[in-house]
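A.B. asks:
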Amino acid sequence: MITKDTGNYLFPEGFLWGAATAAYQIEGSSMADGAGASIWDRFSHTPGNMRDGDTGDVACDHYNKWREDIQLMKRLNLQAYRFSVSWSRVMPEGRGAINEKGLAFYDRLVDGLLEAGIEPLCTLYHWDLPAALDDRGGWLNPDIADWFADYGQVLFEKFKGRVKTWGTINEPWVIVDGGYLHGALAPGHRSAFEAMIAGHNILRAHGAAVKRFRQVGEGDIGIVLNIEPKYPASDRPEDEAARRRADAQMNRWFLDPLMGRGYPQELEDVYGEAYRDFPQADFDLIAQPTDWMGLNWYTRSVPENAPDAWPVRARPVKQVQHAHTETGWEVYPPALTDTLVWLHEQTNGLPLMITENGSAWYDPPHAIDGRVHDPMRVEYLKNHLKAAHDAIGKGVDLRGYMAWSLLDNLEWSLGYSKRFGITHVNFQTQERTIKDSGLLYAEVIKSNGGVL
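Residue numbers (our numbering): 27 to 478.
1) Looking at the strands, I want to know which residues DSSP matches up with Pro329.
2) Of all the beta strand (DSSP E) runs that stay within the bounds of the region 429-456, which reach a length of 3 or more residues?
3) Hey, could you find the ends of the beta strand (DSSP E) Ala106 is sitting in?
4) Thr325: buried (16+ other C-beta within 10 angstroms of its C-beta) or exposed?
5) If you follow the alpha helix (DSSP H) that Asp87 is in, where does it begin and where does it stop?
6) Could you tell me the distance, in whole angstroms, from the CA atom of Leu36 to the CA atom of Leu366?
7) At the level of alpha carbons, what is the spacing between Val136 and Glu352?
8) Can you check whether the CB of Ala157 is closer than 8 Å to the CB of Ile65?
9) Expressed to the nearest angstrom, what Euclidean distance is found between the alpha-carbon atoms of Asp59 and Pro337?
10) On the three-state DSSP scale, how would you describe Tyr358?
11) In terms of residue numbering, what span does the beta strand (DSSP E) encompassing Tyr151 cover?
12) Look up Tyr427 in the DSSP assignment and say whether it is helix, strand or coil.
13) With a 10 Å radius around its C-beta and 16 neighbouring C-beta atoms as the bar for buried, classify Arg108 as buried or exposed.
14) May I have the straight-line CA-CA distance separating Trp92 from Asp308, to the nearest angstrom?
15) Is Asp364 near Pro255, with beta carbons less than 8 Å apart?
16) Can Ile195 and Ala231 be called in contact, C-beta distance under 8 Å?
17) Per DSSP, what are the beta-bridge partners of Met379 in this structure?
18) Is it right to say Ala413 is buried, meaning 16 or more other beta carbons lie within 10 angstroms of its own, or is it exposed?
19) For Arg458 and Leu465, I'd like the C-alpha separation in whole angstroms.
20) Skipping 5 residues on each side, what residues in its chain have a beta carbon closer than 6 Å to that of Ala235?
21) Name the residue from Arg188, Asp67 and Val296 whose alpha carbon lies nearest to the alpha carbon of Gly487.
22) Beta-carbon within less than 6 Å of Leu207's beta-carbon, same chain only, minus the 5 sequence neighbours each way: which residues are those?
23) Tell me which same chain residues have a C-beta within less than 6 Å of the C-beta of Ser385, skipping the five on either side of it?
24) I need the straight-line Cα distance from Arg445 to Leu98, nearest angstrom please.
25) Below 8 Å, how does it come out for the region 272-291 and the region 377-391: are there three or more Cβ pairs, yes or no?
26) Check whether the region 340-350 touches the region 306-320, counting contact only when three or more Cβ pairs, one atom from each stretch, lie closer than 8 Å.
27) Run through DSSP, which three-state label would Ala259 get?
28) Is the distance from the Cβ of Thr43 to the Cβ of Leu139 below 8 Å?
29) Per the contact definition of three or more C-beta pairs closer than 8 Å, is the region 414-422 in contact with the region 437-451?
30) Quick check for students: name the residue ranges of the alpha helix (DSSP H) that lie wholly in the region 210-251, counting only runs of 4 or more.
31) Which ranges does the beta strand (DSSP E) cover as unbroken runs of at least 3 residues, wholly within the region 116-198, from first to last along the chain?
32) Excluding sequence positions up to five away, which residues of its chain have a Cβ less than 8 Å from the Cβ of Asp172?
33) Would you call Pro146 buried or exposed, if buried means 16 or more other Cβ atoms sit within 10 Å of its Cβ?
34) Identify which residue in Leu166, Gln314, Tyr297 and Met117 has its Cα closest to the Cα of Thr373.
35) Considering only the alpha carbon of each residue, which of Ser112, Gly204, Gly122 and Lys190 lies closest to Asn75?
36) Buried or exposed: Arg77, going by 16 or more other Cβ atoms within 10 Å of its Cβ?
Rendered as structure tokens:
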């Protein structure tokens with residue numbers, strides 16, 4: 027039972043508390059033990075792509091420090107750990123031969139988590155496509171759906187009975203918008219035509235992996251979407267139209283076909299001549315029933331009509347009355363409640379999990395007297411957990427919360443300039459220090475939300 031009237035934020039019994047990471051952001055040693063290069067190895071080593079010339083060559087050195095990191099998880103009272111597998115570490119060419127040493131790393135990690143009483147949640151793909159597949163067209167090649175299913179099968183069979191919760195692809199929209207539309211992320215392309223094709227093939231790959239999982243896997247499988255709710259800047263019709271375009275391009279582009287609704291009609295308005303029709307068989311594949319859906323949530327957006335803002339013709343208006351994180355994102359927890367309720371309705375009550383939620387604030391490069399005080403992150407965490415609790419009170423079937431992130435890490439093309447961790451990493455020494463936000467989170471988990 028959920029009680030709130032007295033200020034008590036106890037979560038439902040069995041609610042799963044954890045933290046999340048991604049392979050390229052923390053592992054380092056990306057070419058070790060026979061691994062192949064990924065598109066992020068290439069992108070980060072191309073001059074001009076990364077803030078301060080940073081790369082993931084070392085990152086948090088999790089590839090070597092994973093045992094220490096599991097002990098860290100235990101100190102945080104984590105019940106679950108969401109991680110991703112590097113496709114090119116397991117299959118250097120992206121297809122065909124398996125790199126047994128690379129697969130053995132994840133084998134040890136999963137066993138270590140289980141021995142520590144921590145449930146492993148495995149994401150097949152968090153942006154690090156094998157470079158060898160990119161050379162074959164990557165997400166622009168329709169064959170990638172089968173390549174992805176074959177890769178998934180290797181992991182489904184290897185970890186059968188040990189990993190019970192699977193995610194196929196992390197944030198399809200970011201892969202496409204950053205990697206194929208605006209070029210800010212790997213592989214760095216800028217083409218609306220490519221964006222439409224890549225987005226469609228990512229969805230097809232998800233469907234193919236789910237279908238394969240039903241044949242050879244065991245447990246539950248879903249996908250992880252980033253949803254950024256859109257609130258119109260005014261009641262003018264043109265701002266409402268801008269809101270709908272922005273919502274279609276960021277949120278419903280991927281959600282709607284997953285739910286069997288095809289692409290939202292506004293998408294054709296956004297992409298114009300780059301928009302494409304696809305066969306119904308593709309949409310049947312994409313809409314494979316899943317067991318759960320992951321939500322990555324950070325902020326909201328308040329768009330206004332902006333004819334010069336390609337291709338959506340909408341531009342967010344900064345809400346100066348609220349705090350903004352180091353990444354410029356507005357802090358507005360009520361929008362998380364709204365999003366969870368909306369997603370619950372849009373998915374016909376599918377079980378949901380917050381697979382990422384967190385915030386970047388300034389932290390010093392090293393701990394001071396063994397502590398890292400991060401009061402803004404503490405407040406962000408508390409208020410967003412309360413917002414998640416409010417959504418449960420409104421009938422949302424929310425099963426768990428994964429804080430982003432376990433560790434300060436490589437924030438993609440922003441390098442090491444933005445810290446999201448509940449654990450501080452001194453990138454010179456690799457020393458880990460649990461921040462005040464992490465100490466709070468450990469108490470939240472211990473009390474199942476009672477300390478909120």
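Just so it is clear, CB atoms sit at the ideal spot from N, CA and C, and this is done for glycine as well.
C.D. replies: Taking the coordinates as given:
1) Pro342
2) 449-451
3) Ala106 to Ser110
4) buried
5) Here Asp87 belongs to no alpha helix (DSSP H), and DSSP marks it neither H nor E.
6) 18 Å
7) 33 Å
8) yes
9) 43 Å
10) coil
11) Glu145 to Tyr151
12) strand
13) buried
14) 39 Å
15) yes
16) yes
17) Gly320
18) buried
19) 13 Å
20) Phe174, Ala175, Gly178 and Thr194
21) Past the edges of the chain, shown from 27 to 478, lies residue 487, and the structure says nothing about it.
22) Ala221
23) Thr351, Arg403 and Tyr406
24) 18 Å
25) no
26) no
27) coil
28) In the sequence as presented, Thr is not what sits at residue 43; that position holds Trp. No; because the gap between Cβ atoms is not below 8 Å, this pair is not in contact.
29) no
30) 218-242
31) 145-151 and 191-196
32) Ala234
33) buried
34) Gln314
35) Gly204
36) exposed
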